Amino acid sequence: MNKFSTLSNFTLQVAVIFIAWYFVSSASSIVNKITLQNYPYPMTVALVSLCYVELCSVPVLRLWHIKQPSISNYYLIYYIIPISFGKVIAVVSAYVSVWKVSVSYVQTVKATMPLFAVFSARIVLKERQTKHVYLSLIPIIIGVAIATFTELSFDLGGLLSALLSTGIYSVLNVFVKKVLEGTDIHPLYLLALNSRIAAILLFPVWCFRDGLLLWRGVELTVCNFSLIFIYPIFFFLQFYLSCNFN
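Numbering of the sequence shown is given in the UniProt record's numbering, commencing with residue 1 and proceeding in unit increments.
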C-alpha cells in the first residue's frame, strides 16, 4: 500500500511538473515572438536570458540554504564547460527559430526531442530501447514532416535552428543527468553555473555582433525595454522546471 501510494505521488508530481513546464514553454515562446518582432536581435535576447537565470538563481539558492558544492576539475572540464558551450548554441538557435518562424511551428519541431533523446542516450549512456520505443518515434517524424510541408511561414533557417536547438538540448540533458548522478551538486546550482559560464562564452561574440549595432545606435522603445525584462522570467522558470526531470 505504501509503495502504491509513493508511486502515485511520484506520478502526480511528474504530471504537475510536466504540465507546468509545457504551459511556461508555450507562454515563453509567445512572449519571445512578440519581443523579437519588436526587437530583432536574438543574440541580445539570449545573453539577457542567460544573465537573468543567474540573477534569479542566486536568491533562490540562498533562500533554500543550498551551499556551493566542490566540483572536481574532471567534471568541470569534461562536462560542465562543454554543457555551457552547447547551451550557448542551443539558446541562440532557439531564439533565432522563434524569430524566423511561427510559434506553433517551433512547438511542433520541439516534439522531435524524444527522437534526439533516444539516440543521444544510446550513444552517451549506452542505453538500449525496445522496438516499440523506436516505432513510437515514427509518428513524430511523420507529424513534423507534414507540418513542415504545410507551414505557410516556412523558413529553412528557422527549421534548422529549431532542430539544432532541440537536438542540442536533448544531448545536454543526458550530460546533465551524468553530472547530477556523479556529483552532489544541486540541479538549480548547476543551472546557475552553466548559465554564468554560457553568458561569459557568448559575451565576446555578442560584442562583435549585436554589440556593434547597439553602439551605432538602435532605437529601443519602452515596450521593447519592458519585454526584454519580462520574457527572462519565463526562461528561468522553463529551465528550472526542466531541472526537475533530471
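The C-beta atom is built at its ideal place from N, Cα and C for all residues, glycine as well.
Bear in mind the structure is a predicted one, so any value in this text is a computation, not a measurement.
- Around Ile83, the same chain offers Leu172, Phe175, Val176, Val179 and Asn194 as residues with beta carbons nearer than 8 Å, after the five sequence neighbours per side are excluded.
- Taking a C-beta distance under 8 Å as the contact criterion, Ser93 and Ser29 do not qualify as a contact pair.
- Ile197 counts as buried, since no fewer than 16 other beta carbons sit within 10 angstroms of its beta carbon.
- Annotation: the continuous alpha helix (DSSP H) that includes Lys178 extends over Leu156 to Gly182.
- Secondary structure note for Tyr189: its alpha helix (DSSP H) is the uninterrupted segment Pro187 to Trp206.
- In the DSSP assignment, Glu151 falls outside any alpha helix (DSSP H) and carries neither an H nor an E.
- The beta carbon of Trp99 sits closer than 7 Å to the beta carbons of Leu36, Pro40 and Pro42 from its chain, once the five residues preceding and following it are set aside; these are given in chain order.
- A contact between stretches requires three or more CB pairs, one per stretch, nearer than 8 Å, and the region 181-190 meets this requirement with the region 51-70.
- Scanning its chain for C-beta atoms nearer than 7 Å, with the 5 sequence neighbours on each side dropped, one finds around Lys33 the residues Val98 and Val103, in chain order.
- Within the region 21-75, the runs of alpha helix (DSSP H) that reach at least 4 residues and sit entirely inside it are, in chain order, 42-63.
- Between the alpha carbons of Gln107 and Ser72 lies a distance of about 37 Å.
- Cys56 counts as buried, since at least 16 other C-beta atoms from the protein chains shown sit within 10 angstroms of its C-beta.
- The C-beta of Tyr169 has 16 or more other C-beta atoms within 10 Å across all chains shown, which makes the residue buried.
- Taken through DSSP and simplified to helix, strand or coil, Gln129 comes out as coil.
- Here Tyr95 is buried: its Cβ has 16 or more other Cβ atoms, across all protein chains shown, within 10 Å.
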